[in-house]
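Colleague:
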Amino acid sequence: MATVKVHHLFPSAEMAQDSGGLFSDYQFWMCKLSVWGQASTLETQQDTCHHLPQFQEFLRQMYEALKEMDSSTVIERFPTIDQLLAKTCWNPFILAYDESQKFLIWCLCCLINKEPQNSGELKLNSWTRRLLSHILSAFRLNIKEVGLFTQSLGYAPVDYYPSLLKNMVLSLLSELRENHLNGFNTQRQMAPERVRSLSRVCVPLVTLPDFEPLVEALLTYHGHEPQEMLWPEFFDAVNEAFLLKKISLSKSAIVCLWLRHLPSLEKAMLHLFEKLTSSERNFLRRIECFIKDSLLPEAACHPAIFRMVDEMFRYALLETDGAPEVLATIQVFTWCFVETLEKENKQLKFTLKTYFPYASPSLVMVLLQYPKDIPQSLWHQPLKHISEMLREIVEDQTHRSYGGPFESWFLFVHFGGWADIAAEQLLMSEGEPPDALLWLLAFSYSPRDGSQKRAQTMVEVKSVLGRLMKLLRRPTLSARELQTAAGESQGGDPRPPACRQLIRCLLLNFLLWAPGGHAVAREVIALMAQTDEVTHEIIGFLDQTLYRWDRLCVEAPTSRKLARELLTELHAKV
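Numbering of the sequence shown is given in my numbering, commencing with residue 1340 and proceeding in unit increments.
#1: Can leucine 1423 and leucine 1443 be called in contact, C-beta distance under 8 Å?
#2: How far does the alpha helix (DSSP H) with leucine 1424 in it extend, from its first residue to its last?
#3: Is glycine 1755 helix, strand or coil by DSSP?
#4: Roughly how far, in whole angstroms, is the beta-carbon of valine 1800 from the beta-carbon of leucine 1780, given that I think they are within contact range, below 8 Å?
#5: Determine the extent of the alpha helix (DSSP H) in which leucine 1847 is found, giving its start and end residues.
#6: Taking 8 Å as the threshold (C-beta atoms), are lysine 1453 and leucine 1372 in contact?
#7: Assuming proline 1663 is part of the alpha helix (DSSP H), what are its boundary residues?
#8: Take every Cβ of the region 1859 to 1871, pair it with every Cβ of the region 1605 to 1613, and state whether three or more of those distances are shorter than 8 Å.
#9: Any idea what DSSP makes of histidine 1875, helix, strand or coil?
#10: Isoleucine 1864 and leucine 1906 - do their beta-carbons sit closer together than 8 Å?
#11: Determine the contact status of aspartate 1364 and leucine 1623, defining contact as a CB-CB distance below 8 Å.
#12: Could you pull out every residue in the same chain whose Cβ sits closer than 8 Å to the Cβ of arginine 1539, ignoring the five residues on either side in sequence?
#13: Given a cut-off of 8 Å on the beta-carbon distance, is the pair leucine 1722 and alanine 1762 in contact?
#14: When the Cα atoms are used, what is the spatial distance from asparagine 1848 to tryptophan 1674?
#15: Spatial neighbours of proline 1710 within its chain, please: CB distance less than 8 Å, with the 5 preceding and 5 following residues excluded, ordered by chain position.
#16: Span of the alpha helix (DSSP H) holding aspartate 1386?
#17: In angstroms with no decimal places, state the Cα-to-Cα distance between arginine 1903 and glutamate 1514.
#18: Suppose the cutoff is 8 Å on Cβ atoms and the five residues either side in sequence are ignored; what does the same chain contact list for leucine 1512 look like?
#19: Taking valine 1542 as the reference, give the member of Leu1583, Leu1509, Ala1435, Ser1591 with the closest Cα.
#20: Quick one: what's got a C-beta closer than 8 Å to methionine 1808's C-beta in the same chain, skipping five residues either side?
#21: Counting pairs of beta carbons, one from the region 1386 to 1393 and one from the region 1405 to 1413, are three or more of them closer than 8 Å?
#22: Along the chain, where does the alpha helix (DSSP H) that runs through threonine 1870 open and close?
#23: Roughly how many angstroms separate the alpha carbons of isoleucine 1732 and leucine 1706, rounded to a whole number?
#24: Put arginine 1539 into one of helix, strand or coil per three-state DSSP.
#25: Do the region 1769 to 1777 and the region 1812 to 1826 meet, that is, are 3 or more Cβ pairs less than 8 Å apart?
#26: Are the CB atoms of leucine 1558 and leucine 1615 within a distance shorter than 8 Å?
#27: Considering only residues of the region 1686 to 1743, which uninterrupted alpha helix (DSSP H) runs meet the minimum length of 4 residues and lie entirely inside it, listed in chain order?
#28: Rank Met1651, Asp1889, Val1873 by C-alpha distance to the C-alpha of histidine 1910 and give the top, closest one.
#29: According to DSSP, is tyrosine 1436 part of a helix, a strand, or is it coil?
#30: Put aspartate 1788 into one of helix, strand or coil per three-state DSSP.
#31: Check each candidate in Phe1652, Leu1845, Glu1382, Val1798 and name the one with the smallest Cα separation from leucine 1750.
#32: With distances taken between CB atoms, is the gap from asparagine 1430 to glycine 1360 smaller than 8 Å?
#33: Would DSSP call proline 1455 helix, strand or coil?
#34: Which two residues bound the contiguous alpha helix (DSSP H) that contains serine 1411?
#35: May I have the straight-line CA-CA distance separating glutamine 1440 from leucine 1583, to the nearest angstrom?
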């Protein structure tokens, strides 16, 4: 393959405007089209497919230049424009790729002179109409797009649907399906080479609606070969088209795609993370929309896909040192996954052990209990059970088969709503704070701590809770009183960061639930939010609380109203 300069492949905006730059690109693509048209070898097909995105961009830039000229100026500036566009029209790979045919049609329409003055212009109009007719008879276009240029052509609207193309796709579909029915009947089985060749031919065609049934059939087709039959570039093209919403596929086809081609699943996860991190901080409802839109929770009902997705979450968690955004994404993903699993897997086609192979099955069963299905007055019971089982696994050396503290914590953060409920329960419990809930929160906020350090955190949190509980029933409070009760001082807080974060969580819960906390909430938060990091932490807490209350149908109108107002005000400041 000839070496191509980078600026030829990716022309800048300035180059698009500069006629010299566009002309040099024009010469490059003219040579390419000649080479592609003279030979139909595997190498030229691969070279064509490799350059399709760049050539589409060139066509778009050509249109931007041509639309500013009349037809005579076009011919004057680009004397061989007819050759370039004709070669393009007869290249099926270019016509089939993404939006190339649209840009090509627009370029051709720029050549038509609505009021031809001489035989040359009449001839050019006739030639252009023939090329347009060829494109429209070769591929189906949306009727609205056809309407954009039928007036320029001087033709009446007609149905351009190509029955030949339709019949070809139906024939291939029939052959693939018959292959499935025949099973091991090798006399009537489609040869693996033919299937592989078919998938390669489909690479530039995957975005065409007419080919969607064939794409689905190829993805769901399973032969009896030990190695993958489909072309790797086929998987890449289908996955990219799906992620960019240029193709609509069934869930079964997506599952097959991601099971058969791990790089496609990795790209789907990266695409999700990019959407979550490319804009301003996302609220959990928006994160939920992104996650559901990705189809990953539905595909994850297959245990192999779930475990691969879970490994990617684990890696992201380790790489970001437990970033709150990653924790929130894991929690929302798990909620969506469990909901989908319950809808589609009533008979438990796969046991829970297949999704969490290294976790205690009894612990997974308790974590999967939906708090909404349990009376709020009894929430302390599953919390106590979860804490006891986690503590036994983490601190008892005989349970190493379930991994170390990180593995237990990683499982628990999937169901992080239980930790948030534990914090609320501590403020609502009568008498001494239960050790089980104190341990659960201390472990949740700092899983790396050993038993001794975790015990110190529990003592500190218990002391803060004792001071806050004395203020709980008071109708009026001051911000300074609450700050003192939380153990915060102007001279800095000597406690470990995780302990400080846990105490801030308890203080924020106090502001939402205590009658006297509502009046001073804004003043207390102003004292707390001295850094951007803490401000974002408070925003995350309020968003997560509202999201959880919505999911669990918690009835707390006054607290909900305050939380929503505080969230709106803080979000407007950052």
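Glycine included, C-beta positions come from ideal geometry on N, C-alpha and C.
Model, not experiment: these values are computed from the prediction.
Modeller: Reading it off the structure:
#1: no
#2: 1420 to 1428
#3: coil
#4: 7 Å
#5: 1836 to 1852
#6: no
#7: 1663 to 1683
#8: no
#9: helix
#10: no
#11: no
#12: Gln1384, Trp1570, Glu1572, Phe1573
#13: no
#14: 23 Å
#15: Trp1718, Pro1721, Gly1756, Trp1757, Ile1760, Leu1891
#16: 1381 to 1405
#17: 58 Å
#18: Pro1552, Leu1553, Ala1556
#19: Ala1435
#20: Leu1766
#21: no
#22: No alpha helix (DSSP H) holds threonine 1870; DSSP gives it neither H nor E.
#23: 15 Å
#24: helix
#25: no
#26: no
#27: 1691 to 1694, 1700 to 1706, 1719 to 1734
#28: Val1873
#29: coil
#30: coil
#31: Phe1652
#32: no
#33: coil
#34: 1410 to 1416
#35: 18 Å
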